[in-house]
Ligand code: 5GP
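In the numbering used here, the protein residues as written are 19 to 197.
In structure tokens:
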């Protein structure tokens, strides 16, 4: 089993590239089935989802568009609940079937707010595809992903797009802290 060290923590490989590939294929299969004959707009949440999105969307065969957003991780604290877009939506979601592509849904706050935003902007439907989901930490029920690569307990993971203070996103597998 492969291990990596970062900032004094030892991480061990939890999902291999082969396991990730088959999880991503299952997500793509469901999307291909559900969106057959439709023209979805995939909204990829930067930075963490970029590797998952790249692998997933190569396997998605429906006629579709892809766009990117980046939201501040602090906006959730604002009493207004207003999203702060570091990279705003580049195109209209009005009348579109939107699929938000996320790396991991934790408390669900990010997705909860993003879904509300997409609906307010006139999206016809909004679903979520997330590589990872931490069901035990979910605080916003509407943020449960429609498409899940793999559910995970409350551990912190890195790799495959997920970072530790900006580093380790380029690992080809998903690693957990070694207990
Ligand atoms: P939520 O809004 O669902 O609480 O948080 C989602 C965001 O928290 C993710 O997009 C990700 O940036 C970060 N996050 C949550 N859990 C983890 C984790 O285990 N590892 C890493 N690297 N980021 C995480």
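All C-beta atoms, glycine included, are put in the ideal place defined by N, C-alpha and C.
- Here DSSP, grouped into helix, strand and coil, assigns residue 145 to strand.
- Distance check between residue 158 and each of 142, 130, 135, 23 places 130 closest, using alpha-carbon atoms only.
- In the assembly as shown, residue 120 is a buried residue. Its beta-carbon has 16 or more other beta-carbons within 10 Å.
- Residue 176 and residue 109 have their alpha carbons spaced roughly 30 Å apart.
- Counting the other CB atoms within 10 Å of its CB gives residue 66 a total of 16 or more, which places it among the buried residues.
- Within the same chain, and ignoring the five residues on either side of residue 77 in sequence, the residues whose Cβ sits closer than 7 Å to its Cβ are 42, 43, 46.
- Where residue 173 is concerned, there is no enclosing beta strand (DSSP E), because DSSP gives it neither an H nor an E.
- Beta-bridge annotation (DSSP): residue 88 is paired with 64, 105.
- Distance from residue 116 to residue 149 at the Cβ level is roughly 18 Å; contact not present, criterion being Cβ atoms closer than 8 Å.
- Between ligand 1 and the CB of residue 68, the shortest heavy atom gap is not smaller than 7 Å.
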